[in-house]
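Beneath this line is the structure, given in structure tokens, with notes to follow.
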Amino acid sequence: MENFSLQKFDPSKSLFIEASAGTGKTYTIQLMVAKLISLGTPLKKILIVTYTEKAAGELKDRIRKKIDEVLISKKLDKTNESEKELDSETLALFSKAYQDVDNAAIFTIHSFCQKALKEYAYDAGRPFDMSMIDDAEVENLIEQFIRDRWSDNSDFQFLIKHDSAQAITRKITEGLKSITNIYKGSEGNREIIPLDKPEEIAIGETILSTEDLHAIAAVSKFDEILVIPAFNEAYATLEKYPSEKFSKTSKNCIEDFLNILKQWQKGSSLFSAVSFKDNEFIRTNWPADAYEAFIAFKNLKDLLGSINSFLLNKFLITQAANVFDEWQSYKTEMKYQSFNDMILSVHRAALETSKGESLLKTRLRAQYAYAIIDEFQDTNQLQWDIFSAVFDKIFVVGDPKQSIYSFQSADVNVYQKAIHEIKNGMSLQTNFRSTTGIINGCNELFKGDFFTPNEGATKLVDFEPSLPPQNSSQIKAPPQINGKEIAPIWISDEDINEVDFARAAVQKIVDWCTFIDDKKTALQVFDKKDCTKYRNVTFKDFAVLARSRAEMDSIEDAMRSAGVPFSRYKDSNLFSCRECAEWIAIFKAIDAPDYSAWNRRLLSEALITDFFRIAKQDIHYAESSAFDDPNNSVRLQLNAWRELAQRRRYAEMLERIYGDTQVEERLTEISRLQNLARLRQIGNYAIEYLYNHNCSIEDLVRHLEALANYSDNADDEDGNLVEKSSDYDAVQVMTIHASKGLEFPVVISVAGFKGKRPGTGPFLYHDNDEIRLGFSEKAKTTREREELEEWKRLFYVDFTRASSILMLPRYEKWKNTKGVKEEYRFLEGSIRGLLETAPQLTTHLPKIENWNPQQLSETVKERILKPFNALSGIGNTLTADEIKNNITNQKTEMVRLQQKLTDASIMQYSYSSLSGKADSVVDTDEGDRLNPEGAEIATARTPIVQIRDIDTEAHDCTIAFDESLDYQTHLNETAQRFPRGSHAGNALHRIFERTKFHQFGLENKTLENALANPQTRNIIEEEFKRESLPIWNHRDSWIDIATRYTWNTQNARLPEIAGSSKTTDTFALIDIPESDHKPEVQFNQNASDESDLLKRFCKGFIDLLFVRSVNGKKRYSILDWKSDLLENNTYTPEALKEKVDNDYSIQRVLYSYCLIQWLKQFYGEGTAENLSEAEIFEQHFGGIYYAFIRGTEGNTPKGIYAQTWNSFADLERAYQKIKDLMVKPSHIKEEN
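Residue numbers for the sequence shown follow the working numbering, beginning at 3 and rising by one.
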């Protein structure tokens, strides 16, 4: 294929450009746009469509720079010495284009469709005021079908009868949600993506009926199988040939086979495939009817193991179109549209010809003269239909070798069909990214059989070698170690495991980043500013690429133990971290119209984030009058950010936040790098969300809060959470998908040892160039073949991210007893071929025999970070006297500001802050104040207040001591080094927050079930990692202990409380459906006296709020998880009461009183029940519980403290004592 050149680019003809990795695809698009402008095409008439909003933003910046470059150099291509300078008239075109860059038509496919439908809604036949909706919301409609539509559906009723109803409804919901997201419905009489018909199963020539299939699913013993005619007939046939043997030497005959069949019971295998094997002997020596009868039972053996899935999938396929059509009708009626709908709407409108030429097509052709489609390998048939129908002149740029997004509907088959239609093609052959050694090494890896399709797969990729630059100034200097040039591709020992490879790689990271003379690192790579010269490497020059997050653990463990800083871009708990909470606080402060009254707290919450550095213990400073002044510097900053947000200049707002607060500079300490990584990721994600969804800051806050509560769903496989660059020095750890479009001097590929995950369907697959959707065995096997071909393309992306050094493993898991596994042959073969044909390009990566992470950690500190900080000028520290003087000055200023607090200040209190006041001698004289009647109250010095004295009238409902129970826990945490302290407590709390109690009970009937449940184990491991607890060293023992705590606590018996009394019944948490319990409930309670002004309020989080029906009344209860370790590991009722009385008296009063106030909106005055507070307490309060999780035991009341009050009046009196604590200020004493 001819190499692209600007001179040969003819805009009068459509063109496809095949651009391999590193060949300057984006620069080529800039040149094409420049030429179109030079020919008189206004920039706004050039449509450019790319894959992500981030890519669109970057492309807009690049085009701006290109136009600026043309205006300065007066050439389209300043590197072309033979090009003549542009005349003044042409340059005037570029001056006009420069003014229009902000309005350039650069979109993603979704934003292009959204704009088209908004501007030309009438022509597209769509309403003007459509709102966005996520197709995942179809779950509500599916639940309606389950509840109302399928009550008389025999297939559905059978599924529920023969499996857990909850499990089946969950599988149906997830299956139909998945299908709805993929299936596109019909246009005319044709399905856009045809659904396979329900699969039929034949036994011989007999098609099994639905009744037969239901019978097979229901059988429990072999006699019941013979009720089915096909198997009864097959059995009778085999009885005619009892002496037929299974091989010449086998002792087993048909009579033995029938005897084994008779013994079958549900849950066991029908027969042994080893003892009774289908082989050539029986195929040729048995009577034909005997062999067919044997095959019938062989098929039955397979069917018994898959019948439930088969029936479920059959039901999903038959119902999918109905659910999809009704979902589309609902969205149309409600004027909703999803991202999928936008493409479908434009597709229908642009291709509509029943009334002549499409109106939308005519409008778009008039609006845009040319279309450039970037990342074209990631398109699909619907998108290509739109572009090819609308535009006469279309230029597509892509690389089929990098088509890795089939899970997002990208279809490389469409790429091949499209370029066949375009016909006119060029290529980009020169790799400007990498050294000559990497270019040649990758050429060797990818040639030969790397892209050769496996049996049954279609050839979709033709590999053409990349070329190094011809210009000597563009040839990259090869890497050097200790001054000597090295081969670029490092290959491990054969049959290495993932831990040994990780350690070998980390050893090299440390070795290569080590300074050898305080000025130069051992490894030197080319400098991008002048690629013929060398520079030092830092940790951020290293990228670890994995196919999945599970493949990151081993190398992260190795880096962690060696003290190597790293940043994982794709953290599954990204949104549940502190940094997300801080962004939420900042965005709330920006969105606040003012900071008066209740909104003052929003300012205070923003001030105690890392952005403004006010410590939590200095909250009174944050609430001082210094910040009430509109001209305060912080207020002015927030106003500036708000103005940018109102003008929708979100990217500029983000940079202003970073620049004004200098938060990045403060978080560059080695211990805070992970915090900085998360802060930037969430900040970038937030800005993208604002642009992508055309929403407000308020909408963004709600979205971030939802992600924080349900972080499991926050994953984003296309890398949208990943920033494209990094300003902090840490090894970058990411998925290969996230790395696409990036480059790194050193790439360490850890991918491949986890293998391919088996799919569960539905499966998108190709059949005779038609894409289809189904669950059949054909669909599954075809999809698996296509995924294997995509896996090859994924590794192409992986390897081509490297610019200087590529490090590869040769895992032992690539092989089995028969040799290299099929899915790894292309990898093993390409590496073996490289070693054989071009050994000069490779270096051996040795296994580390004596792994010494302590020594490596010391090297990182002394020989990498220390000289690096010295060279860069960072890391300078203050002297002890300077620090002491700063602290003294700050405290003096804080005292001055505290004294300015007026009676109008709003004071915020939490349970913990009030507890701190209760057990200390405090001066309560805060100046005179007015009571509700207006009389002055003189306050005096208050003696010490004990927490337990706050609530002396509590009614203990804990189940009494039982002599038959052992109240001492014997789980030996010390022997297992199980962690203690706040981090362990946080992890255990989060495990309970994420648990769906009723579902947990159904799936884990026994403790043994829970210990073997992979989902439970994964949740525990994730939460311990989130708290940076070293679970990788104690995985099995810690998960075992945490699982026991979880199962025991959820199965413990709790006494039932109704108002002021305890009933005789008990219950367990696993009895409570998911819809009836809510974790982490925040409350904000007005604690002021009755007046128009809010002067004091208290806030907090209730661990668990749940509701149960007791004697026909809804009872609302509170539960708090406690991970306290009691003395001697003894959790008797008396010990529990002593602990709660001493430590949690304030908490139980505050939480219970707030619950009554909250219930007033449902049952109080003016509602249907019109109850007083006392009546709400008696009729709807269900008590407060403390679950001491280290002392619980399933099916017993051990570890559970419960209480209520004899009346609401008792509770209210206790609350008044707490209010008295809120008038005691905590003065800051000035140090002399």
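Idealized CB from N, CA, C, for every residue including glycine.
Bear in mind the structure is a predicted one, so any value in this text is a computation, not a measurement.
Using a Cβ distance threshold of 9 Å, residue 107 and residue 48 count as a contacting pair. Our two residues, residue 397 and residue 559, have alpha carbons roughly 46 Å apart in a direct line. For residue 336, the uninterrupted alpha helix (DSSP H) segment begins and ends at 290–336.
Between residue 506 and residue 268, the beta carbon gap of about 50 Å keeps them out of contact (Cβ cut-off 8 Å). The beta carbon of residue 1183 sits closer than 6 Å to the beta carbons of 1061 from its chain, once the five residues preceding and following it are set aside; these are given in chain order. DSSP places residue 111 in no beta strand (DSSP E) but in the uninterrupted alpha helix (DSSP H) bounded by 111–121. In this structure, DSSP gives residue 1081 an extended state, which the three-state scheme calls strand. Per the DSSP secondary-structure output, residue 180 pairs with nothing in a beta bridge. Under the DSSP assignment, residue 52 falls in the beta strand (DSSP E) whose first and last residues are 48–52.
Pairing residue 1129 with residue 1192, the inter-Cα distance amounts to about 12 Å. By the neighbour-count definition (other C-beta atoms within 10 Å, threshold 16), residue 1055 is a buried residue. DSSP, reduced to helix, strand and coil, places residue 835 within a helical segment of the structure shown. Positions of the beta strand (DSSP E) runs, each at least 3 residues long and wholly inside the region 4–70, are given as 17–21, 48–52 in order along the chain. Per DSSP, residue 1166 has no beta bridge partner at all. Distance between residue 537 and residue 528, taken at the CA atoms: about 6 Å. Counted as a single uninterrupted DSSP element, the beta strand (DSSP E) harbouring residue 736 occupies residues 733–737.
A distance of 9 Å or more separates the beta carbons of residue 811 and residue 440. For residue 809, the uninterrupted beta strand (DSSP E) segment begins and ends at 804–813. Of all alpha-carbon atoms in 1161, 545, 952, 666, the one lying nearest the alpha-carbon of residue 802 is that of 545. The beta-bridge partner set that DSSP reports for residue 528 consists of 536. Straight-line measurement puts the Cα of residue 408 at about 15 Å from the Cα of residue 342. The alpha-carbon separation between residue 388 and residue 377 amounts to approximately 16 Å.
Rounded to whole angstroms, the separation of the alpha carbons of residue 650 and residue 635 is 23 Å. Per DSSP, residue 439 is not a residue of any beta strand (DSSP E); the alpha helix (DSSP H) it occupies stretches across 438–448. Excluding residues up to 5 positions away in sequence, 203 lie with their Cβ nearer than 6 Å to the Cβ of residue 210 in the same chain. Cβ contact annotation for residue 1025 (same chain, cutoff 7 Å, sequence separation greater than five): 989, 992, 993, in chain order.
Shown here, residue 1217 sits in a helix according to DSSP, grouped into three states.
Residue 136 is classed as exposed because its beta carbon has fewer than 16 other beta carbons within 10 Å across all chains shown.
Segment contact: the region 1157–1168 against the region 1009–1029, fewer than three CB-CB distances shorter than 8 Å; contact not assigned. Spatial neighbours of residue 1027 in its own chain (CB-CB distance under 7 Å, excluding positions within 5 residues in sequence) are listed in chain order as 1033.
Excluding five sequence positions before and after residue 71, the CB atoms of its chain that fall closer than 8 Å to its own CB belong to 80, given in chain order. Here the alpha carbon of residue 1047 sits roughly 34 Å from the alpha carbon of residue 607. When 1212, 764, 101 are compared, the shortest CA-CA separation from residue 44 is found for 101.
Nearest to residue 156 by alpha-carbon distance, out of 316, 206, 235, is 316. Just measuring C-alpha positions, the residue of 601, 805, 140 sitting nearest residue 630 is 601. DSSP, read as helix, strand or coil, puts residue 496 in strand.
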